[in-house]
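A.B. asks:
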Amino acid sequence: MTRTLRALLLLLLAGLVLGPAQVAVAHDSLVGTTPSDGSTVQAAPESLTLTFTGAIATVGAQVVVRAAGGAGDDLVDGPPQISGAEVVQPLAPLEPGAYDVLWRVTSQDGHPISGELLFTVAGTGGDASTEPTASAEDTATPEVTVTAEATTTGAAGDGDGIPRWAWLVLGLAVLGLLMLLGTTWSRRRR
190 MTRTLRALLL LLLAGLVLGP AQVAVAHDSL VGTTPSDGST VQAAPESLTL
240 TFTGAIATVG AQVVVRAAGG AGDDLVDGPP QISGAEVVQP LAPLEPGAYD
290 VLWRVTSQDG HPISGELLFT VAGTGGDAST EPTASAEDTA TPEVTVTAEA
340 TTTGAAGDGD GIPRWAWLVL GLAVLGLLML LGTTWSRRRR
């Protein structure tokens, strides 16, 4: 019985050690934008869409749109609208020119992710180029002021950013340790 408990504890300990490494790889990332990063659109878009690999937390999302070089006012029109893995930012009317977009969101696992992109408005005629494209810009660090609430929000339902499976593994490890201690204590009393 003791060998079985020891083997169980070793498996649980391995799960605790290796589990967080798998979670670190699974953070959400930006997979596309409309307009796409680096694109030139003919007509000024009314909104900007960011598409991620997973659902985005409904608090703490920020998008800043400014004329290229960071000059001028923020050209957003209200807060970003979040629906699952998409963040849609309504835009104020844009003049022809280049625009920098800085964004910061909180993935459902509680980790903030951020990035930047650039698009250009060529003029007022024609359709906007709205094909979403892949983007690897999610590792850039924009200068966006983020409230403390955005960085402390955890995964839905657990409140502190620790995944539910980690709590389960930890609970099983504690239970196994208590069983091992109980077995050892009862043998010493005999």
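Going by the working numbering, the first residue of the sequence shown is number 190, and it counts up by one from there.
Every residue, glycine too, gets a C-beta built ideally from N, C-alpha and C.
Please name the residue or residues paired with Val-290 in a DSSP beta bridge.
C.D. replies: Val-254 and Leu-306, per the DSSP bridge assignment.
A.B. asks: Would the beta-carbon of Ser-296 fall within 8 Å of that of Ala-246?
C.D. replies: Against a cut-off of 8 Å, the Cβ pair of Ala-246 and Ser-296 comes out as a contact.
A.B. asks: Is Leu-307 near Ala-287, with beta carbons less than 8 Å apart?
C.D. replies: In this structure, Ala-287 lies closer than 8 Å to Leu-307 by Cβ.
A.B. asks: By Cβ distance, which residues of its chain are closer than 7 Å to Ala-259, with the 5 residues on each side in sequence left out?
C.D. replies: In the sequence as displayed, the identity of residue 259 is Gly instead of Ala. Excluding residues within five positions, the ones whose Cβ falls inside 7 Å are Asp-289.
A.B. asks: Relative to the C-alpha of Val-253, which residue among Trp-292, Trp-356 and Leu-239 is closest?
C.D. replies: Closest by alpha carbon: Trp-292.
A.B. asks: Beta strand (DSSP E) containing Val-248: first to last residue?
C.D. replies: No beta strand (DSSP E) contains Val-248, which DSSP labels as neither H nor E.
A.B. asks: Go to Glu-275, then tell me how far its beta strand (DSSP E) extends in each direction, as first and last residue.
C.D. replies: That run of the beta strand (DSSP E) goes 275-279.
A.B. asks: Just reading off the beta strand (DSSP E) that Ser-272 is part of, what are its end residues?
C.D. replies: Run containing Ser-272: 270-272, per the beta strand (DSSP E) assignment.
A.B. asks: Nearest by alpha-carbon distance to Ala-196: which of Arg-379, Leu-369 and Thr-373 is it?
C.D. replies: Out of Arg-379, Leu-369 and Thr-373, Leu-369 has the C-alpha closest to the C-alpha of Ala-196.
A.B. asks: What is the rounded straight-line gap between the Cα of Leu-237 and the Cα of Gly-299?
C.D. replies: The alpha-carbon atoms of Leu-237 and Gly-299 are separated by roughly 23 Å.
A.B. asks: When you compare each of Asp-217, Pro-224, Leu-359 and Glu-235 to Leu-283 by their alpha carbons, which one comes out closest?
C.D. replies: For Leu-283, the nearest C-alpha among the options comes from Glu-235.
A.B. asks: Taking C-beta to C-beta, are Leu-357 and Leu-201 nearer than 8 Å?
C.D. replies: No. Outside cutoff.
A.B. asks: Nearest CA to the CA of Pro-279: which residue from Ala-233, Gly-371 and Gly-261?
C.D. replies: Nearest of Ala-233, Gly-371 and Gly-261 to Pro-279, Cα basis: Ala-233.
A.B. asks: Go to Thr-223, then tell me how far its beta strand (DSSP E) extends in each direction, as first and last residue.
C.D. replies: Segment 219-223, the beta strand (DSSP E) holding Thr-223.
A.B. asks: Can you list, in chain order, the residues of its chain with a C-beta nearer than 8 Å to that of Gly-273? Leave out the 5 residues immediately preceding and following it.
C.D. replies: Excluding sequence neighbours, Gly-273 sits near Ala-244 and Ile-245.
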